[in-house]
Amino acid sequence: MNEQEYLQEIEKYYLSLKGSLTFLSPNESNLILKWYKENRDLKLIKKLIKEEIAKLPERKKKYFSLLSVEKRLSEKKEKAKKDKAKQKKVSIWEKVVKAKNLPEELLKVPDDYKGDINLYQEKNIISYIWKNMSLEEKEKLKKEAILELRNYDFLPDDIKSTIKAIIYNKIKESLLNV
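Okay, structure coming up:
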């Protein structure tokens with residue numbers, strides 16, 4: 057599909073949904089050409105136009121502009137960038153799992169999990185390592201944590217959870233130094 061066909065296809069669809077005898081403004085035409093150059097999916101753009109126009113009451117449809125569709129497209133683009141960044145963070149724990157020969161199941165995240173994937177995997181891996189440590193190693197870490205706790209100028213309210221946090225961080229440091 058060439059540039060002109062792309063422009064005409066969106067223009068025809070857009071004006072049919074808008075419902076008034078209007079034409080594209082130069083800004084809207086330039087916007088469509090920009091989408092063409094960015095290889096934006098025609099079906100996605102049509103879907104977004106339809107969704108945006110459907111939100112409006114009948115009397116306001118004639119004032120609708122494609123700029124709101126551009127805003128939605130840029131939001132989708134930003135979300136895709138963030139998702140890609142999250143995947144890069146996950147690769148840190150993938151490296152740890154491979155380097156330490158840990159089970160791949162530790163990297164799996166439930167579909168309904170809505171939090172930080174990286175943090176979920178970190179907790180999974182560290183708890184797995186703690187469960188599979190020998191008693192001697194666990195005792196050694198506990199003693200180190202208690203000694204480190206003595207270096208604090210204040211005494212925390214919950215000593216037990218503070219010791220757990222120190223142990224957690226020590227295990228994490230040892231994993232990331234792989």
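Be aware that the sequence shown starts at 57, since it is given in this note's numbering, and climbs by one per residue. Note that CB positions come from ideal geometry on N, CA and C, so glycine has one too. Computed from a prediction, not measured in an experiment: that's the story for all the values here.
Cβ neighbours of residue i in the same chain (closer than 7 angstroms, five flanking residues each side left out)
i, result
"Val125", "Ile101, Leu104, Ile105, Glu108"
"Leu163", "Trp149, Glu150, Val153, Gln177"
"Ser85", "Leu63"
"Leu80", "Glu67"
Under 9 angstroms between C-beta atoms of residue i and residue j
i, j, result
"Glu67", "Ile88", "yes"
"Ile185", "Leu203", "no"
"Leu122", "Tyr69", "no"
"Ala201", "Ile222", "yes"
"Thr78", "Lys111", "no"
"Lys170", "Phe120", "no"
Close-in-space but distant-in-sequence residues of the same chain around residue i (CB under 8 angstroms, 5 per side omitted)
i, result
"Ser72", "none"
"Ile227", "Ile182, Ile185, Trp186, Leu197"
"Glu161", "none"
Closest by C-alpha distance to residue i, when choosing among the options
i, options, result
"Leu98", "Lys216, Gln64, Ser230, Ala136", "Gln64"
"Leu231", "Asp213, Tyr208, Glu200, Lys179", "Lys179"
"Asp96", "Asn188, Arg206, Asn58, Ala221", "The sequence as given places Arg at residue 96; Asp does not occur at that position. Selected option, being the one with the closest Cα: Asn58."
"Met189", "Asp214, Asp139, Tyr224, Tyr208", "Tyr224"
"Leu205", "Thr218, Glu94, Ser81", "Thr218"
Sequence-distant residues of the same chain with beta carbon closer than 6 angstroms to residue i, five excluded per side
i, result
"Arg128", "Leu104"
"Glu114", "none"
"Lys216", "none"
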